[in-house]
Each structure stands twice: as structure tokens, then as C-alpha cells.
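Residue numbers (the UniProt record's numbering), protein chains in the order written: chain A, 1 to 300; chain B, 1 to 438.
Every residue gets a Cβ at the ideal spot worked out from N, C-alpha and C, and that includes glycine.
Below is one structure, written out as C-alpha cells; the observations come after it.
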């Protein structure tokens, strides 16, 4: 039984449908990516998972059980916007929030110290949140979400506002959480993070699910339409190969757009006749491309 | 239940740790101390000023005989008193008015007298026309004192002339008194049928005053604190995390209860400051003068006072919590809590201003209206004989409305905390409220 199961959930606001029949399942030790343009319904879905708002239709199950106050201690939430007491000391509020979710004071304190060490900021223990920079507040927010060892974590734009070093730091901790068996529902606009972290994804567009499944399967559905060619000499006549739709000259060779994958073989043959080939690759589409294609196509 | 106490503890800790709270509490304690010691402090500056010397001309001449006689009899009258407020100081007649005036003015200048009495023509009153001259404005206290003295002197003179005996004169001067005792006629809410003596009534009135003021203070300070804390949690979005951690009802009541403890501690601190100040040796006399006997307090009245204090506090606290959760920005809060502030003000003033007329229709009607009854019913209970069923009815209405307010407030809380942006319309609130369980 999967820790988190969302079944055909619909949410309407007045005359507008915010989420239209989304279904997803997050298994133990999995990071599930929820993608979509701004206003696609990601945050609404996450809020329903958290029990902040109730779905109009469909249901959400936690370890097979419907939402109740008992599930509260299972959940951890990293909101997109900062949600901390600005004038309260870091230690006080993290321990408070962990206690509310059923952890003892001593355990909460020990975990907090561990996390602060992990993020290399043990000196924040006695600081007020308003004294910290935005990125560091995000770290504290992250600790607030995971300090009580939740089984299900919802992360809305987890890495926004962080520098590359801290993004790596947080990313590695998210992976640790996953490996420790947490189920993580994860949203971001950074596709490379999704490729790195998520096994399954759902792409939402204007309240509807437009793409859903495992990342590998989804990538297979999209044809490989880009060939990278690296040569020491110029290669002429690439445009005339059957299936080639465009050729771009790059620093070390060519980037060739093809309409079908088999064209790659012809390109390689032609190139080897004329020059030494240093590099040849038929690229699978990046998630970024897939996202822009699925979401962008429907933008009119 | 654990979470409830966690919320209570967090609320109290944060409030008491806050600099603003400590500073305000200390400032108010300081103001209270100054207020209590003020009479003593004023006394220190005022020493020796209690007796006013008033000059007059003791003339031998024929036409000034009436004036001299008046002055002398005033002098004699004040000398008879134990602690005279005025001492009449005779001056020699210099012969003419200008010289006399100059002499008296010089005496004022030298500080021997504060002012002087000038006599004119004889009038129908049996005394000459008199003018009191001094450097001060509005010396009504002085003239009233002398007028009173003269009335007594005249009365004594007239009675003596009429040939009354000393006993008859004493009888005429003896004061007439009618005592008051408040009695119970029927099945009252009071603690006995013995009635209340004026002293007991006075002490009860004091208890009611103090309780009404405490209740009002508690509501005003904690109400605003509760509302603004909730709004702050909302605007800092910590609310989203809180709601996903603990049930809204526990959270709201944890906050209200925490605030209640804070307010009680604060009030207890003020009371301690008052008692400490009052028990200081130099203030002992002042308390003694008030003649308060705390053993006269009706214990049942204290029980009523406590019950109405608690219920009144929680009714207003839940309402303030509801308002705090509707507003999303702290700037809008003042405007939003205004109606509630007016309601509590109204209850407070109805009770305070009706303390001399606790039987009026206004008091009777408002003692059943839940937002007013904590103030007004207490007044009725303390000062009149309220039938038991009326007390129970009023308290019952109050309890039912607290239940209603808790239900509605919890709904609004659960709903309102997720509404951001502009203040939601009533329609939106109603619609959203239907959607949430508490």
C-alpha cells in the first residue's frame, strides 16, 4: 500500500476549476514530481494533500486511510512562501512545530541540532528568523518541514531563492530523506532537478493532467530528434541527408535536427567519409523540451 | 490534549519573553505605584499650608463696630475648633482706609496672612457686607468656610437671645439620621436573608467596580493580543504549517487559554503592586481613612463575579480570535476589531453608569444580552435582589452563546486563516465555512 494516494481529485473555486481530476500515487522512498506552469494547480493539489483545503470530488488516502487529525503527524510541509514566526528564535519555533506533530521536546532539540550541523549553520540556533537572509530562512523552513521525521513530505518550490551551493546541499538532503523511506511530493520549475530526483512525474496544465508516468517512459514517448556531431574537419552535404530538417554549426561540430531517429546512421556515415568523428550522439529530449512542448503547444 | 498544552506554553512563553510586554507591564505598574503614593507625595509638598491666616481690622471707631464684632466672633469661632482651617489675625486700626489697606497688603507681602476681610455697610443679614481680598483667584473654599461659620454664629446668637436652654439648643443642633439596609424579599440569588448594611453595600459596590474594571481590562488587552497574534501568524504564513500540524480548535483555544493565563498573571502582578504600595508604612493612614473592611465582602458575590469574569472573558476572546482570523494584514486589524471594542465599551459603561440605578430598565434588559451580561448582571447581583431564575437565565444565555461563538469562531478560524488578499465578503465566508469541518 502506497503511503500517499490521490484519486480523481477535483477542486473548484467559485466559477473556476483549479484542479480537474488529478490522480497520483507516491510509494515509499520516492520523490514524485508535480510540474506545471504558474497557476496550473500544483499548489492547490499540494494543499489538498496537506488537508488545508478539501477536494470537491475524489479522495486522498494516507496509508490507505482518509484524512484525519491522526495523519497530521505523518505530514511535513515546505511551503513556497516563507512560513515562520519572524520574531521567534529558530530553536523555539522549530521545537514547537515538531512538538505539535507529536515529537518530544528532547528529540526535537536533538534533531534540530543535527540538521543545523548538516546545513553548516549551528550558530542560528539562538537567532531570530527575521535576522537571517532569505536563503538561510529557506534552510530553516526546510528543517521545520522535516525535523519531526515525517513519512510524507510536501515540498512546494523547495529550492527557490537558494544559491547553487545550497541547492546542492538541500538536494542531497532530499535524496537522503528519500533513501530513508519518506514519500516526497515535489514541485519545482527547475527541470534539471526533476530529472535528477524524480522517478514519476505529473505535468499539469490549466488544471488538467496532460502528462503522467515514469520519467523514462515519458522520455521514450518523445522521439529522439537531435543529433550531436563533433568532427575535426568540415562536413558538407548534411542538409541533403534524408530526414534532416536543420543544421546548426557549433564550436566543435554540428547540431542536427532530424525528423526520425534512423537518419542518425546516414549522418554518421556521411561524416566518417569526410572527417574524423570525435563525438556522435542521438540525444533523448530533455524534460525541459518535453515540458515546453506539452505545455507550450497548448498555450494559444 | 498534549498539543493543547504545547500551544498554551508557546503562547505564554512568547508573550512573556517579548520586550513590549515586559515594558508595558512595568510602565503600568509604575503608574499604579505613583497613583497610590500621590496623596502622600502631595502632602509632602503641601505641609504647613493647611491653615490660612486671614487678616481683619480691629477698629475702635463707632461706624466700624459691626465689622470688628464680626471679625472677633469669627476669630473666636475658629479658635474653638480642634483643627481650624482658618486663623483670624486682628490688625490695629491705622485711622483711615488707605493706610489700613496698605498695612494689610504689606502683611500679605510678608506672608503673615493669605488674605483679608473687608467690612462695609451693615446689611439685613445682621452682619456687614464683606469682601475677601487675596492674591488668589476663585477662593470659594475660603468664603464658604467663613459663610458657614457666620451662619452658625448667627444661629447661636439668635437662639441665645430667644432664651432657650442649653439642652434645647443641643437638641436643635443634633443631626437626624435615617439608616439604610438592603433586604431580600423573595427567592433571591444572595447568600442570606439578613440583608446588607450600608457598609456591606459599600464594600460590594467596591468589589463590583473592581471586577468590572478587571474584566474590561482583561478583554481589551488580551482581545487585541489574540486578534493580532492570529493575524500575524496568518500574514507570516506560519498558519499553513500550524494548520497542518494541529487541529484548529485546539490551536485557537490553546492561544486563548495561554493569553488568559498571561492576563491573569499580569493582573495578579498589578494587584501585588497595589497591595505592596498600600501596605507601605506611610500609606497606612490613607487606607485606614477609607474604612474598608474586607471581611464584609459577600463570598457568594465573589463566586458570581468569578463566573461572569471567566465566561465574559472567553466569549470576547473567541470573538476576537474570529476577527483576527478574517483579517490578513495587521494594518487592517484595528478597523476590524472596532465593532467588538465598542460592544465591550458599551457593556462596561452601562454597568459603571448604572451603579447608582441598578434597577433601571436598561440594566434589566442588558443583563440578558450575552455580550453585556458579564458586566451588567454582576452589577445587579451585587446591588439588588435578583431572583434566582433570572440569574440562571442570564448565565444560561451566556453559556449557550459562548458555545455558539466557539462553534462559529472555530469555523471562521479554520476558514479565514486560508483566505488571503482583500477582506472576504460575508457570502464568501459563509460558503467557505460550510466546506470545513472543525
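Open item on the list: Let me check one thing: in DSSP terms, what residues is residue 52/B bridge-paired to?
Closed with: 86/B
Open item on the list: If I measure Cβ to Cβ from residue 304/B and keep anything under 6 Å in the same chain, skipping five residues before and after, which residues do I get?
Closed with: 381
Task: Reference residue 252/A; option with closest CA among 229/A, 272/A, 261/A - done: 229/A
Task: One or two residues paired with residue 13/A in a DSSP bridge - done: 16/A
- [ ] Report yes if the CB atom of residue 6/A is closer than 7 Å to the CB atom of residue 44/A, and no otherwise.
- [x] no
Task: Alpha-carbon to alpha-carbon, residue 218/B and residue 264/B - done: 8 Å
TODO: Could you list which residues in chain A have their beta carbon closer than 9 Å to that of residue 246/B, in chain order?
DONE: 69, 72, 100, 101
Task: Under 7 Å (Cβ pairs) to chain B, residues found in the stretch 76-100 of chain A - done: 77, 79, 81, 82, 83, 84, 85, 86, 88, 96, 97, 99, 100
Task: residue 85/A - DSSP class collapsed to helix/strand/coil - done: coil
- [ ] List the DSSP bridge partners of residue 59/A.
- [x] 7/A
TODO: Could you tell me whether the Cβ atoms of residue 148/B and residue 134/B are closer together than 7 Å?
DONE: no
TODO: Could you please give the first and the last residue of the uninterrupted beta strand (DSSP E) stretch that includes residue 155/A?
DONE: 152-156
- [ ] Kindly list the residues whose CB is nearer than 7 Å to the CB of residue 413/B, restricted to its own chain and excluding five residues on each side of it in sequence; keep chain order.
- [x] 248, 252, 321, 322, 325
- [ ] Please report the Cβ distance between residue 29/A and residue 264/A, rounded to the nearest whole angstrom; I am assuming they are in contact, meaning their Cβ atoms lie under 8 Å.
- [x] About 37 Å; that fails the 8 Å criterion.
Open item on the list: Quick check for students: name the residue ranges of the beta strand (DSSP E) that lie wholly in the stretch 52-134 of chain B, counting only runs of 3 or more.
Closed with: 52-58, 86-92, 115-122, 128-134
Task: Beta-bridge pairing of residue 214/A - partner residues as DSSP gives them - done: 200/A
TODO: Report yes if the C-beta distance between residue 4/A and residue 183/A is below 7 Å; otherwise report no.
DONE: yes
Open item on the list: Using 7 Å as the threshold, is the C-beta distance between residue 277/B and residue 61/B below it?
Closed with: no
- [ ] Buried or exposed for residue 176/B, please, with buried defined as at least 16 other CB atoms from any protein chain shown within 10 angstroms of its CB.
- [x] exposed
Task: Cβ shell of residue 120/B (< 6 Å), same chain only, five flanking positions each side left out - done: 128, 129
Open item on the list: When you compare the CB positions of residue 486/B and residue 117/B, do they come within less than 7 Å of one another, or not?
Closed with: Outside the shown range of chain B, which is 1 to 438, sits residue 486/B, and nothing can be said about it.
- [ ] Could you name the residues of chain B that residue 51/A contacts, counting a contact when the two beta carbons are closer than 7 Å?
- [x] 244
Open item on the list: Taking CB distances under 7 Å as the criterion, tell me whether residue 241/B reaches chain A.
Closed with: yes
Open item on the list: I want to verify the contact list: residues of chain B whose CB lies under 7 Å from the CB of residue 144/A, in sequence order.
Closed with: 241
Task: Straight-line Cα distance separating residue 358/B from residue 385/B - done: 10 Å
- [ ] Alpha carbon to alpha carbon, how far is residue 189/A from residue 36/A? Give it in angstroms, no decimals.
- [x] 8 Å
- [ ] Could you check which residue in 208/B, 203/B, 22/B, 142/B has the C-alpha nearest to that of residue 348/B?
- [x] 208/B
Open item on the list: Less than 7 Å between the C-beta atoms of residue 282/A and residue 227/A, yes or no?
Closed with: yes
Open item on the list: So the candidates are 61/A, 76/A, 92/A; which of them puts its Cα closest to the Cα of residue 244/B?
Closed with: 76/A
TODO: Give the secondary structure of residue 2/B by DSSP, where H, G and I count as helix, E and B as strand, and everything else as coil.
DONE: helix
Task: Three-state secondary structure assigned by DSSP to residue 279/A - done: strand
Open item on the list: Using the Cβ count rule (16 or more neighbours within 10 Å means buried), how would you classify residue 362/B?
Closed with: exposed
Task: At least 3 beta-carbon pairs within less than 8 Å: the stretch 7-18 of chain B vs the stretch 254-263 of chain B - done: yes
Open item on the list: If contacts are defined as beta-carbon pairs under 8 Å, then residue 216/B and residue 394/B qualify, I think. What distance do you get, rounded to the angstrom?
Closed with: The Cβ separation is near 18 Å, so there is no contact.
Task: Cutoff 7 Å: residue 6/B Cβ touching any chain A Cβ - done: yes
- [ ] Locate the alpha helix (DSSP H) running through residue 78/A, then write down its first and last residues.
- [x] Residue 78/A -> not in any alpha helix (DSSP H); beta strand (DSSP E) instead, spanning 75-78.
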